[in-house]
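Counting with mature numbering (1 follows the signal peptide of the UniProt record, and there is no 0), you get residues -45 to -1, 1 to 299 for the letters of the sequence shown. Report on the structure given below.
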Amino acid sequence: MPAGGGGPPAGFWATNQTGGMTMRRTFLKVCLVLASTLSGGTAMAQELDMLRLAIGQRGNWENSPAELGQQAGIFAKHGLKLDILYTQGGGETMQAVISGSVDIGVGVGTSGILSAFSKGAPVRAIANSTTGANDLFWYVSADSPVQSFKDAGDKTVAFSSNGSSTNTMVLGLMQEFGIEAEPVATGSPASTWTQAMSGQVDIGWSAPPRGVQELQDGKIRVIARGSDVPSLRNQTVRLMITSASVLEAKEDEIKRYVEAYAETLDYMYSDPKAVEAYAKWVEVPVEVAEKTRDDFYPKENLRIDRLSGMDDAMADAVRLKFIPKVLTEAQLDELIQYPAGHSE
């Protein structure tokens, strides 16, 4: 260093041009890129609008679009982040919506919604969850003396929760087969399995994938399906709902949610990665996941803009004492608020 100090020796910059100076510049560039990336990521996260969801029955294929779509980045693409709560059934899901704990409820029984609305609850239907009832089934252990639902007189029969579609279906099955059974709320398919196989309840209920492997292995027998009630075969039996106040405050977010949900359904029925992701999530073999989708859940039944058999749904709700009388056209127009419209 020169006697005066304060600088590098002569020739330093020339001899180190490809060394320290270049390294310093590279380091600065990396810092700038990293800062820009982090800033962009933070901004992106801040730009995502949060929607809180309550979904009945974690793991059902029908109820998996929120989880799979979020994993695949589809909801984020529409500017949304989902906070998902799983419940024991449609009744619990609807209560979470009515109480304001969540913004949207998924998979709520139509009869329960009609009942709540007729009593003044500010619920609004925003999309179809599923139409038809072939996916839900009632079973007994392989060694049970019960051979069909006709033998269920005086037996305990499981359903998920009060106001759920399984609640409606059990009552409908009892009327269809002309028997008197004892409906029992048993919660999810997993908790119901424990109760059914331990003899706490005579007849269990389930929805795929729960029970698919057990059916193949001969551990259980199906004695009834929801579709055994004729009026339910082409009826919209479960809906997605929100509250009137949330619909007003978050109309744009809900519209984007419905769009992202529809895109997720396309992904689930066209991309093998979706079935693989589902199988991993619910911890079943891929072939069981594929059978669940292909044998129990036609895509047409999950189409979000579908609304079928509302006259039958209201008639069933009156017959099963969910509502005192059918809703008027004006009441239906208030209740059904599909952002995407509906096709039937």
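Quick reminder that beta carbons are idealized off the backbone N, C-alpha and C, glycines included.
For F132 and N122, believed in contact at Cβ under 8 Å, the rounded distance: In the sequence shown, residue 122 corresponds to position 167, counting from 1. In the sequence shown, residue 132 corresponds to position 177, counting from 1. That belief does not hold up - the Cβ atoms of N122 and F132 are roughly 17 Å apart, past 8 Å.
Touching by the beta-carbon criterion (3+ pairs, under 8 Å), the region 103 to 114 and the region 226 to 238: no
Tell me the rounded alpha-carbon separation between L3 and G24. Within the sequence shown, the letter at position 48 stands for residue 3. Within the sequence shown, the letter at position 69 stands for residue 24. When rounded, the separation of the alpha-carbon atoms in L3 and G24 is 15 Å.
Please classify M124: is it buried, with 16 or more other beta-carbons within 10 angstroms of its beta-carbon, or exposed? Numbered from its first residue, the sequence shown carries residue 124 at position 169. By the 10 Å Cβ count, M124 comes out buried.
Whole-angstrom distance between W16 and P144, CA atom to CA atom: Your numbering for residue 144 matches position 189 in the sequence shown. Your numbering for residue 16 matches position 61 in the sequence shown. Rounded to whole angstroms, P144 to W16 spans 13 Å at the Cα level.
Report yes if the C-beta distance between T48 and G11 is below 8 Å; otherwise report no. As a position in the sequence shown, residue 48 is number 93, starting the count at 1. As a position in the sequence shown, residue 11 is number 56, starting the count at 1. Taking 8 Å as the Cβ cut-off, T48 and G11 qualify as a contacting pair.
Beta-carbon gap between L290 and M269 smaller than 8 Å: For this step, residue 290 is matched to residue 335 along the sequence shown. For this step, residue 269 is matched to residue 314 along the sequence shown. In this structure, M269 does not lie closer than 8 Å to L290 by Cβ.
Cutoff 6 Å; reference A76; Cβ partners in own chain excluding five residues on either side: Within the sequence shown, numbered from 1, the residue matching residue 76 stands at position 121. Cβ within range, chain order: I53.
Does the region 154 to 161 come within contact of the region 63 to 83, defined as at least 3 CB pairs closer than 8 Å? no
Rounded distance between the beta-carbons of T197 and I209, thought under 8 Å: In the sequence shown, counting from the first residue as 1, residue 209 sits at position 254. In the sequence shown, counting from the first residue as 1, residue 197 sits at position 242. Indeed, because the Cβ distance is near 6 Å, the residues count as touching under 8 Å.
Length of the line joining the Cα atoms of F30 and D221: What you label residue 30 is simply residue 75 of the sequence shown in a count that begins at 1. What you label residue 221 is simply residue 266 of the sequence shown in a count that begins at 1. Approximately 13 Å, taken between the alpha carbons.
Between the region 238 to 249 and the region 163 to 181, do at least 3 Cβ pairs fall closer than 8 Å? yes
Buried/exposed call for G44, threshold 16 Cβ in 10 Å: Start at 1 with the first residue of the sequence shown, and residue 44 comes out as number 89. Looking at its Cβ environment, which holds 16 or more other Cβ atoms inside 10 Å, G44 is buried.
Residues bridged to E137 (per DSSP): Here residue 137 refers to the residue found at position 182 when the sequence shown is read from its first residue. Per DSSP, T111.
On the DSSP bridge list, what partners appear for G64? As a position in the sequence shown, residue 64 is number 109, starting the count at 1. Beta-bridge partners assigned by DSSP to G64: R193.
For T147, which of helix, strand or coil comes out of DSSP? To locate residue 147, count along the sequence shown from 1; it is residue 192. Three-state result, T147: helix.
Inside the region 43 to 106 only - alpha helix (DSSP H) runs reaching at least 4 residues: 45 to 54, 65 to 73
Looking at the secondary structure, which residues open and close the alpha helix (DSSP H) in which S200 lies? Locating residue 200 in the sequence shown gives position 245, where the first residue counts as 1. Counting along the chain, the alpha helix (DSSP H) containing S200 begins and ends at 199 to 204.
Could you check whether A82 and Y233 sit closer than 8 Å to each other, using their CB atoms as the reference points? Here residue 233 refers to the residue found at position 278 of the sequence shown. Here residue 82 refers to the residue found at position 127 of the sequence shown. Going by C-beta atoms, Y233 is not nearer than 8 Å to A82.
8 Å contact criterion, which G127 and L275 should meet: CB distance rounded: The residue you call residue 127 lines up with position 172 of the sequence shown. The residue you call residue 275 lines up with position 320 of the sequence shown. Indeed they touch by this definition, with Cβ atoms about 7 Å apart.
Could you tell me if M129 is buried or exposed, where buried requires 16 or more neighbouring beta carbons within 10 angstroms of its beta carbon? As a position in the sequence shown, residue 129 is number 174, starting the count at 1. It is buried - the Cβ of M129 has at least 16 other Cβ atoms within 10 Å.
Which residues in the same chain have their Cβ closer than 8 Å to the Cβ of Y252, if we skip the five residues on either side of it in sequence? Here residue 252 refers to the residue found at position 297 when the sequence shown is read from its first residue. Within the same chain, Y252 has close Cβ partners W16, E17, T85, D90, P163.
Please go through the same chain and pick out, in chain order, the residues whose beta-carbon is closer than 7 Å to the beta-carbon of K254, but skip the five residues on each side of it. Within the sequence shown, the letter at position 299 stands for residue 254. Here the set comprises L220, Y224.
Which of the three DSSP states is assigned to W16 in this structure? Within the sequence shown, residue 16 is the residue found at index 61, counting from 1. DSSP places W16 in coil when its eight states are reduced to three.
Pair within 8 Å by beta-carbon distance, R193 and G64: As a position in the sequence shown, residue 193 is number 238, starting the count at 1. As a position in the sequence shown, residue 64 is number 109, starting the count at 1. In this structure, G64 lies closer than 8 Å to R193 by Cβ.
Using DSSP with H/G/I as helix, E/B as strand and the rest coil, what is K276? Taking the first residue of the sequence shown as position 1, residue 276 is located at position 321. Three-state result, K276: coil.
Quick check: what's the CA-CA separation for S263 versus M195? As a working note, residue 263 is residue 308 in the sequence shown. As a working note, residue 195 is residue 240 in the sequence shown. Taking C-alpha positions only, S263 is separated from M195 by approximately 14 Å.
What's the C-alpha gap between W236 and L8? Along the sequence shown, read from residue 1 onward, the residue named residue 236 stands at position 281. Along the sequence shown, read from residue 1 onward, the residue named residue 8 stands at position 53. Spanning the two alpha carbons is a distance of roughly 18 Å.
Contact set for Y41: own chain, Cβ-Cβ below 6 Å, skip 5 residues either direction: Here residue 41 corresponds to residue number 86 of the sequence shown, with the count starting at 1. Cβ neighbours of Y41 beyond the five flanking positions: I10, R13.
Just to check my reading of the structure: A272 and S66 have Cβ atoms closer than 8 Å, yes? What is that Cβ distance to the nearest angstrom? Translated into positions along the sequence shown, residue 272 becomes position 317. Translated into positions along the sequence shown, residue 66 becomes position 111. Contact holds; Cβ gap of about 4 Å.
Using only alpha-carbon positions, find the residue among L257, I259, D207 that is nearest to D58. For the purposes of this step, residue 58 is taken as residue 103 along the sequence shown, with counting starting at 1. Looking at the Cα atoms, D207 is the closest of the given residues.
Of the residues A204, S119, D266, which one's Cα is nearest the Cα of Q50? In the sequence shown, residue 50 corresponds to position 95, counting from 1. For Q50, the nearest C-alpha among the options comes from S119.
Mind checking whether S186 and D267 have CB atoms under 8 Å apart? Here residue 186 refers to the residue found at position 231 when the sequence shown is read from its first residue. Here residue 267 refers to the residue found at position 312 when the sequence shown is read from its first residue. Yes.
Distance, Cα to Cα, I259 vs L202? For the purposes of this step, residue 259 is taken as the residue at position 304 of the sequence shown. For the purposes of this step, residue 202 is taken as the residue at position 247 of the sequence shown. Those two C-alpha atoms are separated by around 17 Å.
Under the three-state reduction of DSSP, which class applies to I259: helix, strand or coil? Position 304 of the sequence shown, counting from 1, holds the residue named residue 259. If DSSP states are grouped into helix, strand and coil, I259 belongs with coil.
Express the C-alpha separation of A199 and A285 in angstroms, rounding to a whole number. On the sequence shown, position 330 is the one that residue 285 refers to. On the sequence shown, position 244 is the one that residue 199 refers to. About 15 Å.
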